[in-house]
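Beneath this line is the structure, given in structure tokens, with notes to follow.
Protein chains: 2
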Amino acid sequence: MYISSLENKKIKEYIKLKQKKYRDSYNKFIIEGEHLVEEALNSGFLLDVLVLDTYDYQIDFEKTYVTKEILKSLSDLDNHSLVIGICKKIDLTPSSQNKILILDGIQDPGNLGTIIRTSKAFGIDMIFLSEDTVDLYNSKVIRATQGIIFYLPIKRCDIIHEIKLIKHKGITIYGTDVINGIDIRNISNYQKDKFCIIMGNEGNGLRYQTKELVDKNLYINMDSTVESLNVSIATSIILYEFTRR
Amino acid sequence: MYISSLENKKIKEYIKLKQKKYRDSYNKFIIEGEHLVEEALNSGFLLDVLVLDTYDYQIDFEKTYVTKEILKSLSDLDNHSLVIGICKKIDLTPSSQNKILILDGIQDPGNLGTIIRTSKAFGIDMIFLSEDTVDLYNSKVIRATQGIIFYLPIKRCDIIHEIKLIKHKGITIYGTDVINGIDIRNISNYQKDKFCIIMGNEGNGLRYQTKELVDKNLYINMDSTVESLNVSIATSIILYEFTRR
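Protein chains in written order, with our numbering: chain H, 1 to 245; chain X, 246 to 490.
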């Protein structure tokens, strides 16, 4: 198929997907670049591929050839990609739920995407996002995940309710706090098989109601002149330590 | 002092500092927000403070009151701060040079800033930046450092020459590579007192000439389905491990 008009019905719908409200109502989102499109295809979430009409892109999927203007309208990069994909929203079932990460109000898309990428690297089974966490299908989040978004179960939910369910299963809930915290180097191996770690908002940390549900706090030993680490860095070091034996 | 005109000579000079070439020729840079201004004052690099004319900002430094329009012209945020500082470029002398980080072509400002912040947290004495690394005085870099930029010696230089000097002092040069790499958990304590770690560009890693000078490669043990970590995450985990005893 070849589409050259920005007024084409399908293209008009796709452009709307740059806004969260339309991603939510159509249950679709945009991805950019060949790597992400291939990951979407492999994981079964790809619905459509738009390719620049002059570009010979090899992929085992029906392509829609479009103009430069159309790709530019769909992209949020200064230099748009030659290949853009449309996906259905991801719905993965976790194979187990022993290693859980909960994000309580993360606002920066780069942080969320990076945390997702690292979580998969360090064996997290499932991520829960609080309702006020930045949209998972924001283009910057997706880019920062480097395609890992298609392989790790992630659910937006009422985290307070979810934490209570997890506690009920006997899984320890960890927050982060230097005061009365446990140095992460002192977490024993048997504690590393089942855990739920909650990481909070960039500026404010965990909200009060979440803090109330925490069983133990963790801290990362570091130079006393540095007040804190970026949340994606802190999360990554904690998750790394929980895989370290 | 009170300035209301964007045509004021000083303001015109300050606005130019949003561009790298003027930061380089005037040897100055812009910072935004009270926290950074206070860190700049404490560390002795603050030259001027511009404060919104209606804002009663308490700081032990001569203030220049300005209009909303002037602050907006100096800011690169959607919502400009009420306080903007002008600093002289930072020139710190390292107290020792046993724990060295070299960045070879990092392009993303957020990554550079975050790496600087984490480096201070994990005891790095000195950072060297390759000539093609993103500008240290880019506003996004400074924001991501959270003020740590004023306290950690950082030098842009010919890193090939620098690595040769460091090698000559008998310090081990570490790169990163899964193939033939050492799992970072196996670095022994005596190796953690003196080291030089080189981290490469987001897409391409170390350039060939840098790789040639590496003594040992490091890798981070992780899930085999994940190809790599974000460079600021990988750097942070490696530096964390080098402080871990």
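Here a beta-carbon is modelled for each residue, glycine too, at the ideal position from N, C-alpha and C.
Item, Value
"Inter-residue CB distance, phenylalanine 45 (chain H) and lysine 16 (chain H) (contact presumed, cutoff 8 Å)", "Not confirmed; about 19 Å, so no contact."
"Residue nearest to aspartate 53 (chain H) in terms of C-alpha spacing, selected from H:Glu38, H:Asn79 and H:Ile84", "H:Ile84"
"Residue environment, methionine 444 (chain X), which counts as buried when at least 16 other CB atoms sit within 10 Å", "buried"
"Residue(s) in a DSSP beta bridge with threonine 64 (chain H)", "H:Leu50"
"Threonine 312 (chain X) beta carbon less than 7 Å from that of serine 249 (chain X)", "yes"
"Exposure of cysteine 402 (chain X), with buried meaning 16 or more beta-carbon neighbours within 10 Å", "exposed"
"Of the listed residues H:Ile173, H:Phe150, H:Gln107 and H:His35, nearest to asparagine 98 (chain H) (C-alpha basis)", "H:Ile173"
"Amino acids of chain X, ordered along the chain, whose beta-carbon sits closer than 8 Å to that of serine 25 (chain H)", "Here the premise fails: no neighbours, minimum Cβ distance about 26 Å."
"C-beta neighbour in chain H for alanine 285 (chain X), strict 7 Å", "no"
"Three-pair Cβ contact test at 8 Å for the region 466-473 of chain X versus the region 350-357 of chain X", "no"
"Residue-chain proximity (glycine 415 (chain X), chain H), Cβ-Cβ < 7 Å", "no"
"Rounded C-alpha distance that separates tyrosine 453 (chain X) from serine 236 (chain H)", "29 Å"
"Counted within 10 angstroms of its Cβ, other Cβ atoms place leucine 319 (chain X) as buried (16 or more) or exposed", "buried"
"7 Å Cβ cut-off: residues of chain H touching asparagine 475 (chain X)", "Thr114 and Arg117"
"Residues near glycine 147 (chain H) in its chain [Cβ-Cβ closer than 7 Å; skip 5 each side]", "His35, Leu36 and Glu39"
"7 Å Cβ cutoff met for cysteine 441 (chain X) and isoleucine 345 (chain X)", "yes"
"Leucine 316 (chain X) versus asparagine 27 (chain H) - alpha carbon distance", "41 Å"
"Distance between beta carbons of phenylalanine 122 (chain H) and threonine 243 (chain H), contact taken as under 8 Å", "5 Å"
"Residues within the region 183-194 of chain H neighbouring chain X, beta-carbon criterion of under 8 Å", "Arg185"
"Minimum Cβ-Cβ distance from tyrosine 464 (chain X) to chain H less than 7 Å", "no"
"Sequence-distant residues of its chain with Cβ nearer than 8 Å to isoleucine 427 (chain X) (five each side left out)", "Lys461, Asn462, Leu463 and Tyr464"
"Cross-chain neighbours of arginine 207 (chain H) in chain X, by beta carbon under 9 Å", "Residues of chain X passing the Cβ test: none, with the nearest at roughly 22 Å."
"Check whether serine 477 (chain X) and threonine 359 (chain X) have beta carbons under 7 Å apart", "yes"
"Where the beta strand (DSSP E) containing glutamate 32 (chain H) begins and where it ends", "28-32"
"As assigned by DSSP and simplified to three states, the class of threonine 145 (chain H)", "helix"
"Beta bridge counterpart(s) of valine 328 (chain X) as assigned by DSSP", "X:Val296"
"N-terminal and C-terminal residue of the alpha helix (DSSP H) that serine 375 (chain X) is part of", "Where serine 375 (chain X) is concerned, there is no enclosing alpha helix (DSSP H), although the beta strand (DSSP E) it sits in stretches over 371-375."
"Neighbour list for arginine 489 (chain X) in chain H, Cβ cutoff strictly below 7 Å", "Arg185"
"Lysine 21 (chain H) at chain X interface by Cβ criterion, 7 Å", "no"
"Of the listed residues X:Tyr300, X:Asp293, X:Asp301 and X:Glu314, nearest to glutamate 307 (chain X) (C-alpha basis)", "X:Asp293"
"Isoleucine 483 (chain X), buried or exposed, once every other Cβ within 10 Å from all chains shown has been counted against 16", "buried"
"CB contact below 7 Å: lysine 99 (chain H) versus chain X", "no"
"Within 7 Å, strictly: CB atoms of aspartate 104 (chain H) and threonine 176 (chain H)", "no"
"Closer than 9 Å at the beta carbon, the chain X residues around valine 214 (chain H)", "Residues of chain X passing the Cβ test: none, with the nearest at roughly 23 Å."
"Methionine 371 (chain X): contacting residues in chain H (beta-carbon distance under 8 Å)", "Residues of chain H passing the Cβ test: none, with the nearest at roughly 14 Å."
"Contacts around lysine 437 (chain X), its chain only, beta-carbon distance under 6 Å, and the 5 residues preceding and following it disregarded", "Phe487"
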